[in-house]
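Per our numbering, the first sequence runs over residues 8 to 787.
Every residue gets a Cβ at the ideal spot worked out from N, C-alpha and C, and that includes glycine.
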Amino acid sequence: MSDAAQIPLSARAAAVAARAAPWLEGLNPAQRAAVEALDGPVLVLAGAGTGKTRALTARIAHILASGHARPHEILAVTFTNKAAREMRERIARNLGEVVEGMPWLGTFHSICVKILRRHAELAGLKPSFTILDTDDQIRLMKQVISAAGIDEKRWPARGLAQIIDGWKNRALAPDRLPAAETGAFDGQGPALYAAYQARLLALNAADFGDLLLHVVTIFQRHEDVLADYRRRFRHILVDEYQDTNIAQYLWLRLLAQGSRTICCVGDDDQSIYGWRGAEVGNILRFEQDFPGATVIRLEQNYRSTPHILAAASGLIAANAGRLGKTLWTELEEGEKVRLIGHWDGEEEARWIGEEIEALARGTRGLDPVPLDGIAVLVRAGHQMRAFEDRFLTIGLNYRVIGGPRFYERQEIRDAMAYLRLAVSPEDDLAFERVVNLPRRGIGEKALQTIRTLARERGTGLVGGARHAVTARLIGGRGGQALGQFLQALGRWHADVLEGRTGHVALAETILDESGYTAMWQQDRTPEAPGRLENLKELVKALESFENLQGFLEHVALIMDNDSDDGGARVTLMTLHAAKGLEFPAVFLPGWEDGLFPSQRSMDESGLRGLEEERRLAYVGITRAERLCTISFAGNRRVYGQWQSALPSRFIDELPAAHVEVLTPPGLYGGGAGAAGMGATGAPGSAFEDRVARADVYNSPGWRRLQTRAAAPAAVPARRGGDGRQPGFAIDDRVFHSKFGYGTVIASEGDRLDVDFDKAGAKKVLASFLTAAPGPDDIPF
DNA sequence: CCTCATATACTTTTT
DNA sequence: GTATATGAGG
C-alpha cells in the first residue's frame, strides 16, 4: 500500500484504492494531487471555499495509511486551537478509530511550549515556566519602563509592547537587533527590550512571542537539538501559511531542512493579519525558499455562486503581487451581489434587520434562510452596537462572536491569578494582581515596601511580604490583612502540593476564603451576577482537568470559548473573525471610505495596508454561499460625533455585471420599499419593482446622486493623534461634546477659556473642541 | 487608602 | 458613546 501513491493508477485500480481509502473518495484532481504529492516541498494554493481542510486532512490520512510516517512523525501546525481540533476530528473520521495520538498536531504556540518545556534551560528558563498573556505583558512592561525612569505617559507600555512584539515576530532577540532598530521608542527600545527579557527570565516566564523566539533561538544555537527534531518530523504540514510571521517561517524552514517533505496550505488573497506580523511574503516566496517545490492550485469553489465569486475575483484583481488563482464553480448562477446605500448607520441597521426577517421567512422565490445561516460581518467592533440595538428592538435572535473572550474577562483573570499563586507562590505578577483584591488596605505604598524588601532579600514578592509582616513594617489594617492573606496562601499552596483536597474543591475554597466571591456578591453593579456566573463556569471547567497545573497550562494557550447553546441566531462578528466560515446569506455593512478601507490602516501601512483591507473585503464576500449584500451609509455616528463619508472605493472595484444596485428606502418614495417586500411576501412583486428603479439609480451618475443625497458636509471632527485641531482665536465659535456651543474668550497654547452658551465659562483643552459651524453650515 | 470627577483614547486580535 | 487611567480631595 505504501507505493500506491507513487504509481499512476488505472481507473479501476483507483476505484479499488478509493474503496480501501475512503479519504480519497470524491476529491477533485487538484485536491488529489495535493494529497498524493508526498515528495519534496508542496505549496497548496487553496482559494476560498475550495476544500482546503479536506485536502489537508486527507493528506495526513494518506501519509498514515500508506505508511509514509507514523502519527508521532507528523508535524501539523495550525494557528488556532479550533483548526487543530477540527483537523484532529476529521482525520479520525477519515481513518476510523485507528488514529492514535498525533502528539505534534497543534498550534504553533502549543507545539513550541511542548518543545520549550523540554529544553527550557537552553533558554535560561526552568521547565515549569509560566506563560504570560497580553495583560501580564503590559503590566510587566510598565514596571520596566518606570524602573528605567521614563515618563510612562509620553512613552506608553502599549507602544513598547507593540515594538517588542514586532521584534519577536521577526525572531530578533535583544542581542541581535539590527542597527536600523536602535532608534525605536525614543532610542530606549533596545535597552528596555533587554531589561524586559531579563525580567521575564527572573520571573521564569515567557510571553507568547517568546514561545517561538526561544525555540528558534535554541534551534539556531544547538544543532543537536535541531537535528533531533529534524529526524523526528518526517512530514510537516502547515495550515494558513499566508498568516505565518518571520519567526514561524524560520522555525518551519529550520525543521523542513530535515525531511524536505513540507506541505504548506494557504491563500495569499486571504492574508489579513499583516498588522500582527504575518508576512504575505512568506507564501509569495515559497518557491524560492523551497527549491523544487510543487505548487498546486485548488480553484474549484464549492461554496459560492458564480456572481459572488466573480464579484470577489474582480475586487481582488486590483491587488498587485498576487500568486493568482481563477476560482470557478459548477453551482447555478444565483443572485447578483446586492449593493445598497443608506442615509445613515441607523437606517442601514434597520434595513438589514428587515431583510433578515424577510430572508428567514422566505421571500422572492428564495428558500427561507434560517437565522443561523445569516451573518452580518463588520470591519470594526464599534459597528456592532447599531445592529445589536436594532436586533434587540425587533426581537431578532443574534449572537456576537469575538469580543472579550471568557478567559480574558476581569473576574476570570483575577480568579486565575489566585489559582496561579496557589500553584506557584513565586508568581509575582499574580501576587500583585490579587494582593489588594478584594480591598485589603494594601495600597501603592505598602506594595512599594514589599517590593523593596523582596529585592533586598532576593526573594519573590511573597517572601518580601512575609518579612514585612513579621517585621511589622506595614501598619494597621493593611498589615493585619496581609498577614491573613499570606497565611491563607500558605495553606492553599500546601494543599496543592499534598494534592489531598480535590483541585476543584480547592479552587472553590480559594475563591471563598480570599473573599473574592464575596466581593462580587456585595457588588451592586448590574454586571456582578454575570461575573459570579462566570466564576461558577470556571470552576466547572476545572473538572475536566487532572489538576490545577494542567488547567493553567491549558488556559494560558487556549483562549477560546465558543459555547453554542442551540436556537437559530443571526451571527454578528468582525470580518477577521469570519475567516474560514461560511453562511448562505451574508451582509457586509459599512463600506465607506475611512471605515472600510480603514483610514488608520492606510495611514500606517499605505498601499500595503490598502491591499490588506481589500483582501479583507475579499474574505467578506467569499463567506457568502448564495446571497451577499453590501451596504454603506452616508452619515454615521462615530464616538458620539456625526461624520459623513463617501462610499468605499472597493465599491467602484466591484464588476458591475455581477452587482445589482438596490434603491435605498427613503429615496423615490419613502421607506416602504424594504418593509413592503417583507409585508407582501409575494415572491417577485416588490423585487421587480425595485429592479426597475435600480436601473435609473444605476445610471452612470448614481454614485454622484447618492453622494449628494448623503453627504451634507458635516464639520470634520477628528481627534487624537495628529488629528489635532488648528488653534482657535478669540471670539471663535466652538463646539464641545459635553458643554455644547460657546465662544472663545482667551487662549493660552492648548488651553482655552471658553464661554459656553449653556454651561458658562470653562477652561478646556483645544483638542476637545471643534470649530462650530455657522448657521448655514449646520447639517440637515 | 478610597472615591469621585475629570481626562483621554479608541481597528482588526488566531496564541 | 464607552471603558479606562489619572489626580484631587475626603
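In the same chain as H314, and ignoring 5 residues on each side of it, the C-beta atoms closer than 7 Å to its own belong to E340, G341, E342, K343, V344, H665, in chain order. Here I408 carries a coil assignment [DSSP, helix/strand/coil]. Burial check for E540: the Cβ neighbour count within 10 Å stays below 16, so the residue is exposed. For E560, the CB contacts under 8 Å within the same chain, skipping 5 residues up- and downstream, are V120, I138 in chain order. From the listed residues G485, L513, G486, the smallest Cα separation to R498 is found for L513. Given a length threshold of 3 residues, each whole run of the beta strand (DSSP E) inside the segment 60-98 is given here in chain order: 81-85.
Counting the other CB atoms within 10 Å of its CB gives E599 a total of 16 or more, which places it among the buried residues. The beta carbon of E618 sits closer than 7 Å to the beta carbons of N326 from its chain, once the five residues preceding and following it are set aside; these are given in chain order. When DSSP states are grouped into helix, strand and coil, W162 belongs to the coil group. In the DSSP assignment, H221 falls within the alpha helix (DSSP H) that extends over 215-228. For H349, the uninterrupted beta strand (DSSP E) run begins and ends at 344-351, by DSSP. Just so you know, the alpha carbons of G166 and D142 end up roughly 14 Å apart.
When DSSP states are grouped into helix, strand and coil, I481 belongs to the coil group.
Segment contact: the segment 209-217 against the segment 179-192, fewer than three CB-CB distances shorter than 8 Å; contact not assigned. In this structure, the beta-carbon distance from S638 to L384 does not fall below 9 Å. Between the segment 392-407 and the segment 605-612 there are fewer than three inter-stretch CB-CB distances shorter than 8 Å, so the stretches are not counted as touching. In this chain, the beta strand (DSSP E) harbouring P591 covers 590-595.
Boundaries of the beta strand (DSSP E) around R643: 631-645. A distance of 9 Å or more separates the beta carbons of F192 and I225.
Pairwise C-beta distances place the segment 107-118 out of contact with the segment 544-555, as fewer than three of them are shorter than 8 Å. Per DSSP, L316 is not a residue of any beta strand (DSSP E); the alpha helix (DSSP H) it occupies stretches across 313-323. Taking the Cβ atoms as the reference, A55 lies roughly 7 Å from N308, within the contact range of under 8 Å. Using a C-beta cut-off of 8 Å, the segment 229-240 makes contact with the segment 259-266, since at least three inter-stretch Cβ pairs fall below that distance.
When the five nearest sequence neighbours on each side are left out, the beta carbons in the same chain lying within less than 8 Å of the beta carbon of A154 are those of A202, in order along the chain.
In this structure, A83 lies near L244, with their beta-carbon atoms less than 9 Å apart. In the three-state reduction of the DSSP assignment, G557 falls in the helix class, which pools H, G and I.
For R304, the enclosing beta strand (DSSP E) stretches over residues 301-305.
Less than 9 Å divides the Cβ of L63 from the Cβ of M94. Residue nearest to S278 within the set C271, C270, I290 is I290 (criterion: CA-CA distance). As computed with DSSP, Q650 is found in a beta bridge with R643. Under the DSSP assignment, M423 falls in the alpha helix (DSSP H) whose first and last residues are 417-430. In this chain, the beta strand (DSSP E) harbouring V577 covers 577-581. An exposed status is given to Y646, since fewer than 16 other beta-carbon atoms sit within 10 Å of its beta-carbon. Of the residues assessed, Q529 falls on the exposed side of the cut-off, its CB having fewer than 16 other CB atoms within 10 angstroms. When beta bridges are read from the DSSP output, I381 appears opposite A592. Taking a C-beta distance under 9 Å as the contact criterion, L334 and T57 qualify as a contact pair.
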